[in-house]
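Undergrad: Going by my numbering, the first residue of the sequence shown is number 3, and it counts up by one from there.
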Amino acid sequence: MGAYFANLHIRKNDAAEGSISVFLTEYFGGMGYTPADPDSADVTVSLYAPENSDWVSVCSDAFTHTDILDLAPKVSENCGADVLSVACFDSDYLFLNLLNSEKDFDLWLNIGDTPEIKKPRRSNVAGWKGHVADHARFKTAAGKSYVCAEDFLLEAQEDLGIPAGQCAGYDLPEATAVLYFSAPVKAVVPPTKLTIPMYDLKPCEPGKRAACSVLNQGAASKGICVLFTGDYVASEEITIDDAEFFYTDNRGQSVSIPITFEKREWIENLWVYCWEDENFPIPPAVSDSLPPQVKMKKEFARFFGIRYVPKGNKRKFLDITVIFAPLSNFDQGQCGWRVWSRAGSKRDYIREHNQSEQDMRAYGLPEDMIAANLIDESDYDLD
3 MGAYFANLHI
13 RKNDAAEGSI
23 SVFLTEYFGG
33 MGYTPADPDS
43 ADVTVSLYAP
53 ENSDWVSVCS
63 DAFTHTDILD
73 LAPKVSENCG
83 ADVLSVACFD
93 SDYLFLNLLN
103 SEKDFDLWLN
113 IGDTPEIKKP
123 RRSNVAGWKG
133 HVADHARFKT
143 AAGKSYVCAE
153 DFLLEAQEDL
163 GIPAGQCAGY
173 DLPEATAVLY
183 FSAPVKAVVP
193 PTKLTIPMYD
203 LKPCEPGKRA
213 ACSVLNQGAA
223 SKGICVLFTG
233 DYVASEEITI
243 DDAEFFYTDN
253 RGQSVSIPIT
263 FEKREWIENL
273 WVYCWEDENF
283 PIPPAVSDSL
293 PPQVKMKKEF
303 ARFFGIRYVP
313 KGNKRKFLDI
323 TVIFAPLSNF
333 DQGQCGWRVW
343 SRAGSKRDYI
353 REHNQSEQDM
363 RAYGLPEDMI
373 AANLIDESDY
383 DLD
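#1: Do three or more CB pairs link the region 10-20 to the region 142-158 at distances below 8 Å?
#2: State the start and end residues of the unbroken alpha helix (DSSP H) segment that holds Arg13.
#3: Can you look up Ile119 in the DSSP assignment and give me helix, strand or coil?
#4: In whole angstroms, what is the alpha-carbon distance linking Glu160 and Val47?
#5: Using only CA atoms, which one of Phe7, Ala236, Val191 and Val257 lies nearest to Gln219?
#6: Hey, would you say Tyr234 sits closer than 7 Å to Asp333, going by beta carbons?
#7: Only counting the same chain, and skipping five residues up and downstream in sequence, which positions put a Cβ closer than 6 Å to that of Asp244?
#8: Just reading off the beta strand (DSSP E) that Arg309 is part of, what are its end residues?
#9: At which residues does the alpha helix (DSSP H) containing Ala351 begin and terminate?
#10: Taking the straight line between their C-alpha atoms, what separation do you get for His355 and Val288?
#11: Is DSSP giving Lys224 helix, strand or coil here?
#12: Taking the CB atoms as reference points, tell me whether Phe326 and Cys337 lie closer together than 7 Å.
#13: Which residues in the same chain have their Cβ closer than 7 Å to the Cβ of Lys265, if we skip the five residues on either side of it in sequence?
#14: Going by the beta-carbon positions, is the gap between Thr194 and Ala221 smaller than 7 Å?
#15: Between Leu109, Ser103 and Glu104, which has its C-alpha nearest Phe97's C-alpha?
#16: Between which two residues does the alpha helix (DSSP H) holding Ala144 run?
#17: So, helix, strand or coil for Ile377, using DSSP?
#18: Using CA atoms only, rank isn't needed, just tell me which of Lys188, Asn271 and Leu196 is closest to Glu301.
#19: In the DSSP output, what is Gly114 paired with across the bridge?
#20: Look up Tyr50 in the DSSP assignment and say whether it is helix, strand or coil.
#21: Is Ile259 buried or exposed, if buried means 16 or more other CB atoms sit within 10 Å of its CB?
#22: Look up Asn281 in the DSSP assignment and say whether it is helix, strand or coil.
#23: Excluding five sequence neighbours on each side, which residues of the same chain lie with their C-beta closer than 8 Å to the C-beta of Gly34?
#24: How about Gly225 and Leu329: do their beta carbons lie closer than 7 Å?
#25: What does the alpha-carbon distance come out to for the pair Asp202 and Arg340?
#26: Going by DSSP, what residue range makes up the alpha helix (DSSP H) through Asp290?
#27: Just how far apart, CA to CA, sit Asp84 and Asn102?
#28: Considering only the alpha carbon of each residue, which of Gln295, Pro285 and Trp277 lies closest to Val324?
#29: Kindly identify the DSSP beta-bridge partner or partners of Leu229.
#30: Check the C-beta distance from Ala64 over to Val45 and give it rounded, since I have them as a contact under 8 Å.
#31: Grab the span of the beta strand (DSSP E) containing Pro260 for me, first residue to last.
#32: Can you tell me which of the three DSSP states Pro40 falls into?
#33: State yes or no: is the C-beta of Tyr182 within less than 7 Å of the C-beta of Ala38?
#34: Do the region 372-384 and the region 211-218 touch if we need at least three Cβ pairs shorter than 8 Å?
#35: Would you mind reading off the limits of the alpha helix (DSSP H) that contains Leu388?
This is the structure in structure tokens:
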């Protein structure tokens with residue numbers, strides 16, 4: 003995966019260094035964010051003003067490219083300074099926008115290409131004359147092709163007056179000033195409700211490790227139950243071995259603990275494999291108010307689930323069903339995975355899966371790889 007970032011840089015002057023923190027606090031406050039301690043913050047904004055640079059940098063994973071383009075003219079007006087906006091998309095595409103609201107210039111440069119977004123504007127390299135140290139050298143750098151679009155920043159750092167690492171927001175020193183904000187909180191939070199945002203598209207294989215993870219979309223609570231259901235449980239044609247429960251703790255450390263599933267008659271004539279922990283703290287849903295990148299990172303840290311090795315009769319493996327249920331909201335808050343559920347039937351699932359694999363020929367996937375991913379109906383009990 004390539005580099006993604008969206009940063010603002012304000013040319014140094016007395017107003018910029020003195021007012022940018024106040025401006026950003028007011029900006030986030032207008033969206034309902036409040037100043038916070040580092041341990042409770044949802045959004046972090048780093049301010050960096052090294053002596054060897056002409057710029058004060060504002061870097062945060064809270065910013066999208068549209069955010070910085072919206073902020074830039076406001077910051078320029080507030081600080082009475084040039085503002086340089088720089089955004090990168092998977093190392094394929096980079097744009098730079100240099101503007102000054104008072105002096106009425108607004109310059110643009112595109113480097114590379116990406117299918118992710120349409121380029122907001124056309125480049126105007128000639129317009130940068132008088133705004134970079136050596137326009138001829140800058141123009142040459144802008145005309146080159148780059149494996150990683152952000153490498154342009156290395157070529158242009160002398161002309162822009164900003165080191166490439168600072169411009170990209172990489173490896174900012176500990177001396178950087180940091181602002182912390184908490185996202186708005188919903189007035190009403192629904193009870194714990196688990197979901198499976200990502201799931202396996204292929205059946206489990208006997209003796210091979212599998213995994214299933216869930217995310218809470220409701221309030222925090224305590225206690226989790228995990229069940230395996232299916233006719234295979236009563237007959238023990240499939241067993242669940244080498245299982246572990248995994249999550250991320252409050253310090254951001256990955257935790258994995260061995261667990262054992264017990265066979266239990268859940269109701270009359272319905273047998274399940276069951277494991278539960280009545281004390282596990284289920285983390286609350288991540289706020290929908292957070293910027294996309296921040297929300298994604300926080301959700302990733304709040305996933306929890308199980309890894310396991312199913313063994314036994316492969317003909318029954320399409321019946322493997324995993325259910326996660328919060329003890330505080332067992333019936334309404336539970337979710338589950340069974341590989342064919344979305345298709346409606348086992349036969350439809352196999353047909354749709356195989357068609358999807360065969361469609362990969364259009365993308366140049368080799369025949370042997372396609373064949374290896376096809377599912378043979380004769381391997382499973384379908385009725």
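From the three backbone atoms N, C-alpha and C, an ideal C-beta is built for every residue, glycine too.
TA: In this structure, then:
#1: no
#2: Note, Arg13: premise wrong, no alpha helix (DSSP H); beta strand (DSSP E) at Phe7 to Arg13.
#3: coil
#4: 26 Å
#5: Val191
#6: no
#7: Val311
#8: Phe306 to Gly314
#9: Note on identity: in this sequence residue 351 is Tyr, with Ala being the wrong assignment. Tyr351 -> alpha helix (DSSP H) spans Lys348 to Gln360.
#10: 33 Å
#11: strand
#12: yes
#13: Val235, Trp273 and Tyr275
#14: yes
#15: Leu109
#16: His137 to Ala144
#17: coil
#18: Leu196
#19: Tyr95
#20: strand
#21: exposed
#22: strand
#23: Ala185, Pro186 and Ser291
#24: yes
#25: 9 Å
#26: Asp290 -> no alpha helix (DSSP H), and no H or E assigned at all.
#27: 5 Å
#28: Trp277
#29: Cys276 and Ile325
#30: 4 Å
#31: Ser256 to Ile261
#32: coil
#33: yes
#34: no
#35: One cannot answer for residue 388 here, as it falls past the ends of the chain, which runs 3 to 385.
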